[in-house]
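To keep things clear, I will list the structure first and then write my remarks on it.
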Amino acid sequence: MTTLLFVVTGADHWTLKDGSTHPTGYWAEELVASHRTFVEAGWDVVVATPGGVRPTVDQGSLAVDANGGDENKVAELKQYLDDIDDVLAAPAKLEDQTASSFDVVFVPGGHGPMEDLAVSPVFGSLVTEFLDSGKVVSAVCHAPAALLAATRDDGSWPFAGYELTGFTNTEEEQAGLADKAPWLLETRLREGGASFSSGEAWSPHVVVDRTVYTGQNPASTAPLAERVVAALS
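Mapped onto my numbering, the consecutive letters of the sequence shown carry residue numbers 1 to 233.
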């Protein structure tokens, strides 16, 4: 059975450049669409967060407007989160995980990963171990920010030279937070040495480079998860 480490942000806020905080957490669609795909594939999915804290859903991700005005979609997201509430209530501790125990690591987004995982030495070391072991590393939307925590002994970034995607500067601007953000994901990935690929704003866009699988935005989540499942089938 394929084993997947499903790493979810433990942050419930994002610190903006003026020092104020913006309520956040994980983005509902990104957690639900990916988790459901992996479970339906018959995989053993272990949800982990920093410190084993219960993750917080970004309430904005459950707004009807954020889901194309589709009330049924919102109801389905809420129902799925209710269905796995026992899993989310007692996640494993990220600090206790090792790459040798899993085949894949996946990180759903929301602004939360920019607050905690992006600066987590624990996750940085762990994801580098996955990469160096030739195992699949996957992240969607804002979650590629978590890859920024990876650092080699010589100070280099392990993902330099990889083609990656993630939430674009254009999408952040259209979402209304670009001018308040302490940094922008696309910019940081480019500065780190990644070859950044982007598709049309808000449309599905998945990038695969060797064992690294990334998705641009919420709409990319299901296609990304399906690509990861297909790769390991």
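From the three backbone atoms N, C-alpha and C, an ideal C-beta is built for every residue, glycine too.
Keep in mind that this is a model prediction, so the values were computed, not measured.
Fewer than three beta-carbon pairs drawn from the region 72 to 88 and the region 183 to 200 are found closer than 8 Å, and the two stretches are therefore not classed as touching. As a beta-bridge residue in DSSP terms, glutamate 163 pairs with Ser195.
Take aspartate 58, set aside five residues on each side of it, and the residues of its chain with a beta-carbon closer than 6 Å to its own are Thr24, Gly25, Trp27 and Gly110, in chain order. When DSSP states are grouped into helix, strand and coil, leucine 184 belongs to the coil group. With fewer than 16 other Cβ atoms from the protein chains shown falling within 10 Å of its own Cβ, serine 133 counts as exposed.
Alanine 92 and glutamate 173 have their C-alpha atoms roughly 35 Å apart. For glycine 155, the closest C-alpha among the options Val32, Asp65 and Pro121 is that of Pro121. Sorting Thr21, Leu4 and Val104 by C-alpha distance to the C-alpha of aspartate 12 places Thr21 at the top. Here the alpha carbon of threonine 165 sits roughly 30 Å from the alpha carbon of alanine 89. If you draw a straight line from the Cα of alanine 150 to the Cα of threonine 128, it is about 6 Å long. Separation of histidine 35 and serine 100 (C-alpha to C-alpha, rounded to the nearest whole angstrom) is 21 Å. DSSP places alanine 89 in the uninterrupted alpha helix (DSSP H) bounded by 85 to 89. When DSSP reads this structure, phenylalanine 106 sits in a beta bridge with Phe6 and Ser138. Under the three-state reduction of DSSP, threonine 37 is assigned to helix.
According to the DSSP assignment, valine 122 belongs to the alpha helix (DSSP H) that extends over 121 to 132.
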